[in-house]
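Have a look at the structure below before the remarks.
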Amino acid sequence: MQTPPKSPNIMPEELPITTATTTTKLPKKLTLVPLVFLIYFEVAGGPYGEEPAVQAAGPLYALLGFLIFPFIWSIPEALITAELSTAYPGNGGFVIWADVLPVLDSGWPRKIAILISTLILSFVNYTGLTIVGYVAVVLGQKGVKKDWTLFFNTLFWNLNFWDSVSTLAGEVDKPQKTFPVALFVAVIFTCVSYLIPLFAVTGAVSVNQNEWESGFHATAAEIIAGKWLKYWIEVGAVLSAVGLFEAQLSSCVYQLLGMADLGFLPTFFAKRSKWFNTPWVGILLSTLITIGVSYMNFTDIISSANFLYSLGMLLEFASFIWLRKKLPELKRPYKIPMRLPGLVIMCLIPSGFLVLIMVIATKIVYLVSGLMTVGAIGCTLAGEADKPQKIFPLALFVAVIFTCLSYFIPLFAVIGAVSVNLSEWESGFHATAAEMIAGRWLKYWIEVGATLSAIGLFEAQLSSTAFQLLGMADLGFLPNFFDKRSKWFNTPWVGILLSTLIILGVSYMNFTDIISSANFLYSLGMLLEFASFLWLRRKLPELKRPYRIPMRLPGLVIMCLIPSAFLVLIMAIATKIVYLVSGLMTVGAIGWYFLMKFCKSKKLFKYSNGEALEE
């Protein structure tokens, strides 16, 4: 299999992919059920964390948000992920999709991109953040003061990262069939898990809006049924946190592994443990990064993650549309049943939301996002899934549903059962609500679940990051050193170590700034992903896509526009610190790119040429 050509005039019929078979030890493949829950924990992990949305905008907007947002964001993103992951199953994930988009390589696309970005940033600098005030006027209503930045960031944070599962495509069994189903189930599961608790709490408990803080579900549970229910909810929160951590860590580490297999990173990142066949380098790196950011304010971390995610999703949308237009004949085990115009429309709404998320970011978010952009490495686990063409679409669909339900159900339950001030809807309010509804026992259970959910989220993100480095090394983007795997667990230990160090480095930041910066950088990346997607659809219409969104290019463009607009919004509302961090990280990333390119040309380090991936 050939790597993407450098010349924009040469369109690859297939993109380089990596699978678990490129390693010395054949790992066990993922089937439908574990893939569904992996997607679910990548995105949600339960209703824990949805409370701030009620605190920011009230129960009505929170319920409407978790009801409508899945249709304008989660479903389009899941559809695109299903099609591209099955078309390009490998550890590279969305890194592979965006790599074929030549929009910023040279010529007029690069000039236009520079011109537009300069004008937009200059305009934002001139106007400041007054645009946020105007948006608040449009959305405002009488009653408790609304915090739209917190509301949109909370909503976005709890319903994004559907594309992270693409990093597992190489580890999925029969991805062509499994992915669509898994995504479909996950979407339903997620929506229900959010809405039902939210409806229940808001309908059963009457509290001040300010009391809807993180963990309020547990408090509401105690109010409704006593301490026993609160304890159960707290335990569920802990378990959910563990699941989220593990899912995110897996996604990050396998992304590094896949990138190393594809030559994007040194082969050092592709090292697997001899005992467990896991990418220990990526796990270590992701763990270090997690520890580094663990000391930041959670709100800043969420906002930064949303910002960065928005950037990435815009790029994914662009890549999706491009592939549909340029490679219409590409084998797609799953293809969205829409023509190009419909696909464009489908992407428009989520793209608009992505822009919104980026616009409302705070200063610290811009700062963190800038720094993360500089050192950001795409995460992918696609190469760790068996037959991703069939498994990925199904897993994505299931995960989308699962995620939406996991947010909506608890939110619905707490809003319906507990009546508190909106200001109380802070992080962890679900646990407080559980105590109010059923007692402390339920609160404790929810808190335990929140802890486990956080652990799962950490593990999933760490895995995704570690395997991304590994995959980049395999693709030749990073020296082979990054594809090293543990002899005992076959995990990318270099990627894990590097990720852990980064986490430790940012752990002293305010969590809100971390989140905002992550959102800013993610928005940038998503804009590029959207562009890559559209470019691939247009330039490689005949590209083999096991799963293909059933829409033509115009429809795909429209589909990407709304989330792209949301990404821009997320970037626009960022604070100065977010702009600073994001700018620094972006500059650092660009410098790193040219440094690696120079080292590769001078043969200062050993790089992988991806020969093991060729068919």
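Numbering of the sequence shown is given in our numbering, commencing with residue 1 and proceeding in unit increments.
Glycine included, C-beta positions come from ideal geometry on N, C-alpha and C.
Separation of residue j from residue i, as counted between CA atoms
i	j	result
Val187	Asn210	29 Å
Pro546	Ser319	16 Å
Leu340	Ile446	44 Å
Thr22	Gly312	Confidence at Thr22 is low in this model, with a pLDDT of 43, below 50, so its placement is unreliable and the value that follows should be read with caution. Taking the straight line joining both Cα atoms gives about 27 Å.
Met259	Asn421	47 Å
Leu616	Ser507	Examination of residue 616 is not possible in this model, given that the chain is present from 1 through 615 alone.
Ser499	Ile80	27 Å
Ser427	Gly49	6 Å
Asn490	Pro266	16 Å
Phe605	Phe530	33 Å
Thr149	Lys600	43 Å
Val205	Glu435	11 Å
Val253	Ser419	42 Å
Gln176	Asn277	24 Å
Pro70	Cys404	7 Å
Leu469	Ile496	9 Å
Met596	Ile401	40 Å
Cβ pair residue i, residue j closer than 7 Å
i	j	result
Met526	Leu314	yes
Ser351	Ala466	no
Leu195	Phe412	yes
Leu534	Ile336	no
Gln248	Ala518	no
Glu77	Trp162	yes
Val355	Ser164	no
Leu183	Ser74	no
Ile409	Ser193	yes
Lys37	Phe264	Lys is not the amino acid found at residue 37; the sequence shown has Phe there. The answer is no: Cβ separation not under 7 Å.
Arg537	Leu323	yes
Ser523	Met571	yes
Thr178	Ile503	no
Helix, strand or coil at residue i according to DSSP, with G and I counted as helix
i	result
Tyr444	helix
Asp261	helix
Asp173	coil
Lys325	helix
Asn158	helix
Met596	helix
Phe477	coil
Phe69	helix
Pro550	coil
Asp163	helix
Gly58	coil
Thr31	coil
Gly428	strand
Asp513	helix
Ser608	coil
Thr127	Its pLDDT being 40, under 50, Thr127 is placed unreliably by the model, and the measurement read from it follows with that caveat. Note: Thr127 maps to helix in three-state DSSP.
Leu139	Only weak support exists for where Leu139 lies, its pLDDT of 38 falling under 50; the value from the coordinates is given anyway. Helix at Leu139.
Gly49	coil
Ala539	Note that residue 539 is Lys in the sequence shown here, rather than Ala. Helix, per DSSP.
Pro492	strand
Asn153	helix
Ser507	coil
Val185	helix
Pro333	strand
Val400	helix
Thr202	helix
Phe245	helix
DSSP bridge partner residues for residue i (one or two, in chain order)
i	result
Cys347	Met559
Asn620	Only positions 1 to 615 of the chain appear in this structure, which leaves residue 620 out of reach.
Lys230	Leu442
Lys602	According to DSSP, Lys602 bridges with nothing at all.
Asn297	Answer by DSSP bridge pairing: none, since Asn297 is not bridged.
Phe566	Val355, Leu356
Sequence-distant residues of the same chain with beta carbon closer than 7 Å to residue i, five excluded per side
i	result
Gly243	Phe41, Gly45, Leu452, Ser453, Gly456
Gly203	Ile415, Gly416, Ala417
Tyr61	Phe151
Same chain only: Cβ atoms within 6 Å of residue i, ignoring 5 sequence neighbours per side
i	result
Phe429	Glu51, Trp212, Glu213, Ser214, Gly215, Phe216
Thr31	Asp173
Phe156	Asn306, Ile357
Thr432	Gly215, Phe216, Ala218, Thr219
Leu239	Gly449, Leu452
Ile302	Asn153, Trp157, Ile515
Pro59	Thr202, Ile415
Lys484	Phe268, Lys271, Val281, Val494
Phe481	Pro266, Phe268
Spatial neighbours of residue i in its chain, beta-carbon cut-off 8 Å, leaving aside the 5 residues before and after
i	result
Ala225	Ile437, Ala438, Gly439, Leu442
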